[in-house]
Amino acid sequence: GKFRIQEIPKNGTDCMSPMSINRALSNPQMQALLRSKSGSNMPTNQLMLQLDFNKNPITLKCRLYIIKALLYRAWDQSGKADPFIKIALNNDTIIDDVDGKLLNTLEPVFGKSYEFDVQLPFQSLIRIQIWDWDMTSSNDMIGETKIDIENRWFSCHRATCGLPKRYDSAGYNTWRDTKKPTIILTELCRTTNINVPVYTADFRSVTVGDKIFECDPACVEFVMNTKSPVDILYRKVHHESTEEYIRQNTALAALHAWGRKINQKCALVAEHIECRSLFNPQFPETEQGKLEMWLDFFPMSRPPSNAMIDITPSKPTSYQLRVIIWNTTDVELNDENFVTR
């Protein structure tokens, strides 16, 4: 493992909840140890030393989405490359997607999604590699990018799953996180010793500490004016009322503004596409290309219940285009025909 550093408030460690030091302490043995020690006068740092993560590893469910890459140079005599994806945990390859190779391109659009488990602290580094496939010789590694998943897991910025702009329980923008915005906001308030959020009667605003956050008016207008039978049927089946939809989006607005109004040092990660550089160990100073991707991961104590997002590129569709010209006017006839004049 690595050192975990967190700023201690000026009034000492008494105001810090043990769970605020590490929100990943979901292991029952760790929780029992915290409960047995929380009433003692033992300093927080000594209490944390008793939590041996080597004996109590944290298992994460990782979902990796790789969109496309841009390669800076050719790897074949044709002036192109035949790239495919490999994924390794530390130095152990767990996915070798040579069957998904793309031929003769320096701008591969993969549209691939992978799901695998990671155990912390034993598997703390995810290595995403792009290789060049060769028919007659050994394959060559084009470049790789490394993600320290342990660093993300223990980050105060909640880098496990980016916050989308709007909460939706159905459709292409279905909420991916295993916790809804209201639960995330309540847990953040508890870990930072802030009173629990207080919502107004119509759930269009929420008070966190001395700050007030408003729901996005577009979300309110969308749910109040929806007439789609699919949306109405979904809410009836899942018992999601209009007020609940507004409440979740109000909490989400507070989460997006957390770093600006509540804690400037711990802004929460928003949903985004990562554009990461690719490097080859043989040429460590030279960038080999770019990779567009994103990573979601969740503790196995609260695994995701929904399916992965399908980012497979759409296949080309054949169309027949017919153009009919009914008439023309004022057309200059510039062509000369010596036969017909």
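For the sequence shown, this note's numbering begins at 1220 and goes up steadily by one. Ideal Cβ placement from N, Cα and C applies to all residues, glycine included. A quick note: this is a predicted structure, and the numbers were derived from the prediction, not measured.
Beyond the five residues adjoining it in sequence on each side, Arg1495 comes within less than 6 Å, by CB distance, of Thr1364 and Leu1510 in the same chain, given in chain order. When rounded, the separation of the alpha-carbon atoms in Ile1481 and Lys1430 is 8 Å. Shown here, Tyr1464 sits in a helix according to DSSP, grouped into three states. DSSP, reduced to helix, strand and coil, places Thr1410 within a helical segment of the structure shown.
Here Pro1416 has Thr1401, Leu1404, Thr1405, Cys1408, Val1425, Thr1426, Val1427, Ala1470 and Ala1473 as same chain residues with Cβ atoms under 8 Å from its own Cβ, once five neighbours each way along the sequence are excluded.
According to the DSSP assignment, Met1443 belongs to no beta strand (DSSP E) but to the alpha helix (DSSP H) extending over Pro1436 to Met1443. In the structure shown, Lys1480 adopts helical secondary structure according to DSSP, grouped into three states. Distances from the alpha-carbon of Ala1389 to those of Ile1349, Ile1345, Tyr1464 and Asn1444 put Tyr1464 closest. By the CB criterion at 9 Å, Ile1347 and Cys1281 fall outside the cutoff.
Taken through DSSP and simplified to helix, strand or coil, Pro1400 comes out as helix. Closest in C-alpha terms to Thr1411, from the list Asp1353, Gly1478 and Arg1521, comes Gly1478.
Only residues of its own chain outside the window of five on either side were considered, and among them Tyr1333 and Leu1514 have a CB closer than 6 Å to the CB of Leu1283, listed in chain order. Thr1426 carries a strand assignment under DSSP once its states are collapsed to helix, strand and coil. Cβ-Cβ distances below 7 Å link Asn1358 to Trp1350, Asp1351 and Trp1352 in the same chain, with the five nearest sequence neighbours on each side left out; the list follows chain order.
For Asn1370, the uninterrupted alpha helix (DSSP H) run begins and ends at Ile1368 to Trp1372, by DSSP. Put simply, of Arg1385, Leu1540, Ala1420 and Lys1484 the residue whose alpha carbon is nearest the alpha carbon of Val1442 is Arg1385. In the DSSP assignment, Gly1508 forms a beta bridge with Leu1290 and Leu1497. Approximately 6 Å separates the beta-carbon atoms of Ile1313 and Ile1306; this is inside 8 Å, confirming the contact. If you draw a straight line from the Cα of Ser1524 to the Cα of Gln1539, it is about 43 Å long. By the beta-carbon neighbour count (other beta carbons within 10 angstroms, threshold 16), Ala1293 is exposed. Looking at the DSSP output, Cys1281 shares a beta bridge with Phe1335 and Phe1516. The Cβ-Cβ distance between Gly1362 and Asn1499 falls below 9 Å. Under the DSSP assignment, Lys1305 falls in the beta strand (DSSP E) whose first and last residues are Pro1302 to Leu1308. Apart from sequence neighbours up to five positions away, the residues of its chain that approach Gln1467 with a beta-carbon distance below 7 Å are Tyr1386, Lys1399, Pro1400 and Thr1401, ordered along the chain. Assigned with DSSP and collapsed to three states, Gly1319 falls in helix.
Judged by beta-carbon spacing, Phe1335 lies beyond the 9 Å limit of Ile1286, meaning their Cβ atoms are not closer than that value.
The three-state secondary structure of Thr1547, taken from DSSP, is coil. Selection Pro1327, Val1550 and Pro1383 evaluated against His1491 yields Pro1383 as nearest (Cα-Cα). Each residue's CA atom was taken as its position, placing Ser1343 and Ser1520 some 18 Å apart. Looking at Leu1290, Asn1275 and Leu1279, the one whose alpha-carbon comes closest to that of Glu1506 is Leu1290. Apart from sequence neighbours up to five positions away, the residues of its chain that approach Ala1486 with a beta-carbon distance below 8 Å are His1376, Trp1477, Gly1478 and Arg1479, ordered along the chain.
In the displayed model, Thr1355 falls within coil according to three-state DSSP, outside both helix and strand. At least 9 Å separates the beta-carbon of Pro1302 from that of Leu1279. Cα atoms of Ile1544 and Pro1532: separation of roughly 36 Å, rounded to the nearest angstrom. In this structure, Arg1395 places its C-beta atom within 9 Å of the C-beta atom of Ile1528.
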